[in-house]
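Here the structure is laid out as structure tokens; the discussion comes afterwards.
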């Protein structure tokens with residue numbers, strides 16, 4: 008027995024010794040400070056990768072990475088059109104937790120910006136196109152053009168990105184008002200709310216989270232598309248919500264930022280005060296961090312070389328957030344090359360940081376002379392051939408072995424819907440839909456009705472949705488027996504079965520659900536009652552009025568009601584006007600505005616194709632969509648949190664010289680536009696330093712916006728633009744509203 012045991016040890020040693028080991032670069036992390044209780048590891052670095060901007064994991068734990076190598080190769084931004092980008096697969100062959108091999112999956116790409124492993128293939132963006140390729144032995148085959156207009160608007164900082172698969176089986180994007188889905192081999196594209204700027208994430212319920220440069224965390228109070236089903240209604244309170252007003256940052260050093268010369272941007276110690284380039288939010292759902300970190304939102308702040316932590320709180324019909332701490336950050340560094348631009352949960356439950364590791368991350372189109380000079384002095388423009396991926400892990404947790412989901416049976420995948428790691432649950436859901444194995448339908452239906460596993464319940468529900476295995480009666484059963492979240496999803500999915508024959512059953516169910524007096528259920532009932540009222544106004548209008556009155560001070564509920572009521576607005580408006588306690592309500596005011604839009608055929612811009620077609624061959628329209636629309640929207644109606652509307656703006660309809668000064672030199676708040684005040688944090692950088700824009704180009708932009716967004720088409724000649732280039736503000740920076748009026752007159 009002793010001899011056999013010794014032989015076993017010897018053989019084991021030989022096997023272990025034969026395991027390959029590879030030399031990986033050692034990167035010093037002494038300049039990084041992570042929250043106590045966590046460990047920071049370097050998972051991949053140059054020379055394996057360069058300028059990573061997005062990653063995804065396959066079921067083997069390999070990292071697929073998009074490299075945007077052409078971004079800001081120098082301070083002039085030369086080389087953006089070079090085909091030097093790629094998508095690589097990073098592998099850890101010696102299984103020591105550090106990537107040691109890289110293989111190129113796609114090369115000769117121009118500025119690739121997003122990727123996602125979906126539908127047994129790879130979805131990726133090479134502007135303006137959205138492509139899908141199947142994967143055969145780590146090689147791309149059968150490439151399909153999904154959307155040739157995916158990213159036609161804006162510069163690299165302001166083009167669509169994200170490609171995030173949500174609980175509802177739709178792929179959502181930042182900086183885009185479209186979502187995508189592949190069904191039976193056919194790609195579908197639908198309008199959705201335009202969200203954020205760079206990066207997007209979702210919580211366990213399926214709500215979306217995003218941000219923009221100066222607003223570190225935004226989100227929706229409702230599930231996607233619940234507030235935009237009425238084409239003639241534009242919600243203001245339920246989507247695109249600033250979840251916290253606290254945008255303070257606490258860097259470890261004096262970072263270089265684009266508007267560092269402006270009062271209030273830096274404190275007395277030259278430390279950044281508020282975010283100026285927030286991006287890459289992640290709702291952490293990995294299951295390996297301490298319990299208090301579950302569904303926290305981490306946010307990248309690359310200009311200050313840090314990652315911020317926010318704590319979400321859910322209140323049934325709304326979501327709020329607050330920073331986890333004052334005076335410190337979750338992860339921060341004094342390394343000015345550290346540029347976290349995206350975050351991801353891995354199949355091991357850890358959080359992964361995509362570090363572009365670029366000295367200059369401000370695009371040249373908006374690079375201020377201040378930052379350009381500072382970057383040259385600090386030689387930031389020489390930090391180029393780098394790229395890193397970091398891992399943040401809980402010190403108290405052992406490394407989790409990664410199970411290849413591709414090797415699991417359908418029944419094992421169903422069991423994986425209960426995994427503590429949201430990454431596993433999300434992928435298992437999609438794998439089950441792709442397999443479409445009818446033998447596990449009973450297991451899935453049982454799980455969807457199991458209130459003891461609320462997370463698995465929702466995933467099972469949307470597997471059933473994905474394989475077309477739901478029914479009206481099943482959803483009624485789920486709504487009756489499920490908790491608020493499961494019942495709310497059932498209410499949403501029941502809209503696929505709205506018909507005259509189902510009215511009586513829906514009436515009984517809705518009466519029962521209203522009796523629970525649960526704010527979340529009331530919110531989702533508010534959003535669906537108008538859809539059902541198309542078949543029986545007498546039954547469902549009283550429910551609508553009751554909820555509208557109960558939540559008369561909650562605009563989000565009123566928006567939810569109106570979103571579902573497009574087909575019954577005229578009839579409802581008559582009743583609202585004729586009822587004393589309803590005619591002066593917010594619901595009636597919102598409905599009047601929506602009916603006016605419908606009469607003028609002025610839909611929510613996400614449904615409009617007019618702006619995209621109008622004057623499409625003119626230089627001004629093209630330049631507007633490339634430069635201006637990313638903040639002001641293609642419709643000119645503005646984007647909340649980014650820029651005010653151009654439609655109806657005095658700067659479009661009054662003195663065009665003021666508009667010329669704004670475009671050339673920039674404008675900073677506070678501003679009063681269309682009766683709304685935009686605070687001092689709202690500022691538009693000038694374009695006079697953009698080497699690609701001539702005086703005629705600026706003139707063409709002005710001609711286009713006055714034609715498209717006002718009733719009086721006017722313009723400024725290029726000679727006038729040339730003259731205005733020399734008309735500076737008092738500090739030679741952006742104009743204030745007061746200075747504009749003093750310079751040109753009101």
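Numbering (this note's numbering), first residue to last: 8 to 753. Note that CB positions come from ideal geometry on N, CA and C, so glycine has one too. Model, not experiment: these values are computed from the prediction.
- Membership of residue 716 in the alpha helix (DSSP H) is indicated by the continuous run 702 to 716.
- Under the criterion of beta carbons closer than 8 Å, residue 323 and residue 526 qualify as touching, at roughly 4 Å.
- Residue range 683 to 685 is occupied by the beta strand (DSSP E) that includes residue 684.
- Your pair residue 396 and residue 360 checks out as a contact, with CB atoms roughly 7 Å apart and the cut at 8 Å.
- Rounded to the nearest whole angstrom, the CA to CA distance from residue 313 to residue 262 is 11 Å.
- Here DSSP, grouped into helix, strand and coil, assigns residue 158 to coil.
- Counting along the chain, the unbroken beta strand (DSSP E) around residue 218 starts and ends at 215 to 219.
- When secondary structure is reduced to three states using DSSP, residue 169 falls in the strand class.
- According to the DSSP assignment, residue 626 belongs to the alpha helix (DSSP H) that extends over 626 to 630.
- For the 8 Å CB-CB criterion, residue 266 and residue 283 form a contact.
- Between residue 533 and residue 567, the beta carbon gap of about 4 Å places them in contact (Cβ cut-off 8 Å).
- If you look at residue 638, you'll find it isn't in any beta strand (DSSP E); it sits in the alpha helix (DSSP H) that goes 636 to 639.
- Secondary-structure assignment with DSSP links residue 178 through a beta bridge to 172, 187.
- Taking a C-beta distance under 8 Å as the contact criterion, residue 203 and residue 225 qualify as a contact pair.
- Around the beta-carbon of residue 639, 16 or more other beta-carbon atoms lie within 10 Å, marking it buried.
- Three or more pairs of CB atoms, one per stretch, sit closer than 8 Å, so the region 166 to 180 contacts the region 227 to 245.
- Between the alpha carbons of residue 673 and residue 743 lies a distance of about 9 Å.
- Excluding its 5 nearest sequence neighbours in each direction, residue 187 has C-beta neighbours in its own chain below 6 Å: 178, 196, listed in chain order.
- Annotation for residue 274: 280 place their beta carbon closer than 6 Å to its own, counting only its chain and skipping 5 residues before and after.
- Bounds of the alpha helix (DSSP H) holding residue 658 are 657 to 660.
- Counting along the chain, residue 395 sits inside the beta strand (DSSP E) bounded by residues 395 to 401.
- Per DSSP, the unbroken alpha helix (DSSP H) holding residue 547 starts and ends at 544 to 557.
- For residue 40, the enclosing beta strand (DSSP E) begins and ends at 39 to 41.
- Within the region 250 to 332, the complete beta strand (DSSP E) segments of 3 residues or longer fall at 286 to 290, 304 to 308, 313 to 321, 326 to 330, listed in chain order.
- Shown here, residue 534 sits in a helix according to DSSP, grouped into three states.
- Counting C-beta atoms within 10 angstroms of its own C-beta, residue 634 has 16 or more neighbours from the protein chains shown and is therefore classed as buried.
- With respect to residue 344, residue 370 sits apart: the two C-beta atoms are not nearer than 8 Å.
- From the listed residues 384, 269, 114, the smallest Cα separation to residue 675 is found for 269.
- Following the DSSP letters along the chain, one finds residue 430 in no beta strand (DSSP E) but inside the alpha helix (DSSP H) bounded by residues 429 to 442.
- When the alpha-carbon of residue 552 is set against those of 91, 529, 228, the nearest one is in 529.
- Annotation: residue 310 to residue 74 spans about 19 Å, alpha carbon to alpha carbon.
- Of the residues 260, 362, 223, the one whose Cα lies closest to the Cα of residue 304 is 223.
- For residue 106, same chain residues with a beta-carbon under 8 Å away, outside a window of 5 residues either side, are 31, 50, 51, 55, 70, 97, 98, 99, 396 in chain order.
- Under DSSP, the beta-bridge partners assigned to residue 98 are 108.
- Here residue 357 is near residue 295, since their CB atoms are less than 8 Å apart.
- Per the C-alpha coordinates, the member of 301, 251, 352, 217 positioned closest to residue 288 is 217.
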